[in-house]
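Each residue of the sequence shown is one higher than the one before, starting from 14 at the first, in this note's numbering. Beta carbons: idealized from backbone N, C-alpha and C, even for Gly. Source: prediction; values computed, not measured. Worksheet: one structure, shown below.
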Amino acid sequence: MKKLASYTAMIVLALFLMAPFVWMVLVSLQPSKAPIPTLDKLVPAQPAWSNYKLVLFDQPNLPVLRFFTNSLIVTFSVVLGQLFVSSLAAYGFARMRFAGRDLIFYVFLGSLMFSGPVTQLPVYLLVRSLGWLDTYAALIVPGISSAFSVFLLRQAFMSIPHELDEAARIDGAGEFRIYGRVVMPLSGAALATCGAFSFFAVWTDFFWPLLSTSSSSMRTLEVGLSVFKTSYGSTNWPLEMTATVLVMIPLLVAFVFSQRYFTKGIMIGSIK
């Protein structure tokens with residue numbers, strides 16, 4: 014009975030949490046320019062799947078497909094770049110010995126105390142001085158460094174026995190080979206966790222793309238949809254919900270494939 018009650022409570026909670034998303038999908042299938050339906054008319058008799066085609070392809074003044082493509086390019090570039098750069102930094106902090114290593118790491122870790130908007134102005138001035146405004150470089154390069162990812166990967170790397178490094182060095186392996194052949198394959202859960210957090214953060218980022226881009230061809234999906242509401246002169250709820258569903262689908266897919274790594278990766282990162 015205790016297990017039954019637990020599963021029943023979890024199912025009820027899951028249905029409660031899924032209800033807004035289900036409502037959003039059903040509203041997106043209503044005819045264009047239709048008002049928000051009441052609950053008894055929420056399920057459309059004839060789903061308007063054409064809303065998705067209309068949002069993605071049939072709006073010359075609002076290139077949602079371009080926004081979507083930009084978000085994909087920027088997000089995957091930042092995730093891959095951040096995993097590479099952060100894992101190299103974490104390897105240095107965890108597996109190599111040099112003067113001031115711990116002090117540098119603690120100073121670096123202290124940057125977590127500063128919220129993102131605090132650093133936006135100096136980053137913006139730097140990007141502007143490099144001539145990167147309204148380019149992919151402005152959207153990608155500032156995001157490839159993450160103190161959180163370095164911290165989590167460092168903790169994961171420190172949990173790997175150092176005897177493996179010594180055995181690899183006896184076989185003639187250098188630091189990069191140890192990094193790529195020994196440490197990285199044993200840190201899959203931590204890497205997946207960092208990648209998932211980075212994906213969610215970059216995909217939903219609004220302020221920095223708004224600040225660093227000015228043309229519609231370089232806007233990401235989050236910024237592009239901010240002008241979606243005014244593009245019709247009045248509120249078009251079905252199309253707005255359609256656009257919102259398009260934003261959420263990649264997040265749901267990423268969560269489905271990465272959620273099993275969250276707990277495992279965080280637990281590994283908490284062990285020295």
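*Around the C-beta of I284, are 16 or more other C-beta atoms found within 10 angstroms, so that it is buried, or is it exposed?*
Mapped onto the sequence shown, residue 284 falls at position 271. With a pLDDT of only 48 at I284, under the threshold of 50, the placement of this residue in the model should not be trusted, and no figure is reported.
*asked:* Between which two residues does the alpha helix (DSSP H) holding Y192 run?
replied: For this step, residue 192 is matched to residue 179 along the sequence shown. Segment: none, Y192 is in no alpha helix (DSSP H) and carries neither H nor E.
*With respect to the alpha helix (DSSP H) encompassing A214, which residues constitute its N-terminal and C-terminal limits?*
Here residue 214 corresponds to residue number 201 of the sequence shown, with the count starting at 1. A214 -> alpha helix (DSSP H) spans 201 to 216.
*Nearest candidate by alpha-carbon position, reference T88, set M254, E235, S230*: What you label residue 88 is simply residue 75 of the sequence shown in a count that begins at 1. With distances taken between Cα atoms, T88 lies closest to E235.
*asked:* Looking only at its chain, what residues have a beta carbon closer than 8 Å to the beta carbon of F210, apart from the 5 residues adjacent to it on each side?
replied: What you label residue 210 is simply residue 197 of the sequence shown in a count that begins at 1. Excluding positions up to five away in sequence, the list reads F161, S162.
_Quick check on I157: does DSSP put it in helix, strand or coil?_
One-based indexing of the sequence shown puts residue 157 at position 144. In this structure, I157 counts as coil in the three-state DSSP scheme.
*C-alpha gap between V240 and A61, whole angstroms*: Locating residue 240 in the sequence shown gives position 227, counting from the first residue. Locating residue 61 in the sequence shown gives position 48, counting from the first residue. Rounded to whole angstroms, V240 and A61 show a C-alpha spacing of 23 Å.
_Bounding residues of the alpha helix (DSSP H) (the contiguous stretch that carries S230)_ = Numbered from its first residue, the sequence shown carries residue 230 at position 217. Per DSSP, S230 belongs to no alpha helix (DSSP H) and is neither H nor E.
*Ordered along the chain, which non-local residues of its own chain (more than five positions away) have a Cβ less than 7 Å from that of Y104?*
Translated into positions along the sequence shown, residue 104 becomes position 91. Taken in chain order, the residues that qualify are F170, Y192, V196.
*How about G187 and L75: are their beta carbons less than 9 Å apart?*
The residue labelled residue 187 in the question sits at position 174 within the sequence shown. The residue labelled residue 75 in the question sits at position 62 within the sequence shown. No, the pair does not count as a contact, with Cβ atoms beyond the cut-off.
*Local conformation of R287 per DSSP, three classes*: The structure shown does not extend to residue 287, since the chain is modelled only from 14 through 285, so no value can be given for it.
*So what does DSSP say about K15, is it helix, strand or coil?*
Along the sequence shown, read from residue 1 onward, the residue named residue 15 stands at position 2. Residue state, collapsed to three classes: helix.
*Measure the alpha-carbon distance for S225 versus D147 and round it to whole angstroms.*
Indexing the sequence shown from 1 puts residue 225 at position 212. Indexing the sequence shown from 1 puts residue 147 at position 134. Distance between the alpha carbons of S225 and D147: 6 Å.
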